[in-house]
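Visitor:
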Amino acid sequence: KDSKSDPDLHISSTNEKPSNLQDSEFSCSIVGEDICTIPAKSLSAGKMFYIGARCFFKCDYKISAVLTGEHELRISKDYLVQFNAGEKKILKFTNELSFVKELLFTARADRSTAKIRMYLKEGKDASPTSSDLAASDGWMDGVVIRLTNHTAVKVEKDQVYKLLFEADDPVMVTFRVDMRFSKKMIRENVVLEDFINYDDKA
Numbered sequence: 155k156d157s158k159s160d161p162d163l164h165i166s167s168t169n170e171k172p173s174n175l176q177d178s179e180f181s182c183s184i185v186g187e188d189i190c191t192i193p194a195k196s197l198s199a200g201k202m203f204y205i206g207a208r209c210f211f212k213c214d215y216k217i218s219a220v221l222t223g224e225h226e227l228r229i230s231k232d233y234l235v236q237f238n239a240g241e242k243k244i245l246k247f248t249n250e251l252s253f254v255k256e257l258l259f260t261a262r263a264d265r266s267t268a269k270i271r272m273y274l275k276e277g278k279d280a281s282p283t284s285s286d287l288a289a290s291d292g293w294m295d296g297v298v299i300r301l302t303n304h305t306a307v308k309v310e311k312d313q314v315y316k317l318l319f320e321a322d323d324p325v326m327v328t329f330r331v332d333m334r335f336s337k338k339m340i341r342e343n344v345v346l347e348d349f350i351n352y353d354d355k356a
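Numbering of the sequence shown is given in our numbering, commencing with residue 155 and proceeding in unit increments.
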């Protein structure tokens, strides 16, 4: 990232000089700080990756590689994760239920001055970047992503949702996933599965 010329980053395991989107084998965000995410299934010991940085004008840039695992999120459970300045993490949630009408992904920082961002992309092999669905400001110094059947990313059974979380400052973040359920008809001799939060009603 450079104040005079914003370099574009491209990455490939087959092209030794990737220089455009067609050459880039993996999903890259090319707005502001460029991030290329390589999914775990594409990684193997000894495998070579070629990185191309393209500037329209003379520029200085810094490239770093970070290995990170995916944090698995569960419904209605708080997850506390410590972040260093500039750190990024990938989180994953799988919706295993068919009667969900709303999913709410929240991330709350332990202080109001912390600069945090969160992005979402669906799919088990998804690699979220800053070009994907972005969180909006939420409550309690947090950010939130809300999914319904009317949003661009839908609520679907057995769908995997990947979250990219970025923190500009050292911060402790609490992650949580909550659901709202559609109305269900109770029928005789049929088991109905449902979920309810504390002090809530259905």
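Heads up, the beta-carbon is just placed ideally off N, CA and C, and yes, glycines get one too. From a predicted model like this one, the values you see are computed outputs, not experimental measurements.
Could you tell me whether the Cβ atoms of Ala289 and Val298 are closer together than 7 Å?
Guide: yes
Visitor: Please tell me whether, using a cut-off of 6 Å, the distance from the CB of Gly223 to the nearest non-hydrogen atom of the ligand NAP is below it.
Guide: What this structure holds is no ligand at all, so the ligand NAP is not there to describe.
Visitor: With respect to the beta strand (DSSP E) encompassing Met382, which residues constitute its N-terminal and C-terminal limits?
Guide: Residue coverage of the chain in this structure runs from 155 to 356, which leaves residue 382 outside it and unanswerable.
Visitor: Does the stretch 321 to 330 come close enough to the stretch 277 to 286 to have 3 or more Cβ pairs within less than 8 Å?
Guide: no
Visitor: Is DSSP giving Ser196 helix, strand or coil here?
Guide: Three-state result, Ser196: helix.
Visitor: May I ask you to list the residues that DSSP assigns as paired with Ala321?
Guide: Ile270
Visitor: Alpha carbons only, please: which of Asp162, Ala219 and Ala268 is nearest the one belonging to Phe210?
Guide: When each option's Cα is compared against that of Phe210, the closest is Asp162.
Visitor: Got a sec, what are the start and stop residues for the beta strand (DSSP E) Phe247 sits in?
Guide: Under the DSSP assignment, Phe247 falls in the beta strand (DSSP E) whose first and last residues are Lys242 to Asn249.
Visitor: Which of the three DSSP states, helix, strand or coil, is assigned to Phe253?
Guide: coil
Visitor: Alpha carbon to alpha carbon, how far is Lys278 from Lys316?
Guide: 8 Å
Visitor: Just the Cα atoms here: how many angstroms apart are Asn358 and Asp264?
Guide: In this structure the chain extends from 155 to 356, so residue 358 is not present and cannot be described.
Visitor: Just the C-alpha distance for Asn303 and Lys212, rounded to the nearest angstrom, thanks.
Guide: 46 Å
Visitor: Which first and last residues belong to the beta strand (DSSP E) in which Ile205 is found?
Guide: Tyr204 to Arg208
Visitor: Given Gly292, which residues of its chain have a CB within under 7 Å of its CB, disregarding the five upstream and five downstream residues?
Guide: Thr260 and Val298
Visitor: Name the residue from Leu257, Arg262, Thr267 and Lys242 whose alpha carbon lies nearest to the alpha carbon of Leu234.
Guide: For the residues Leu257, Arg262, Thr267 and Lys242, the minimum Cα distance to Leu234 belongs to Arg262.
Visitor: Check the DSSP bridge columns for Asp162 and list the partner residues they point to.
Guide: Note: Asp162 sits in a beta bridge opposite Arg208.
Visitor: Using DSSP bridges, identify the partner residues of Asp291.
Guide: Val297
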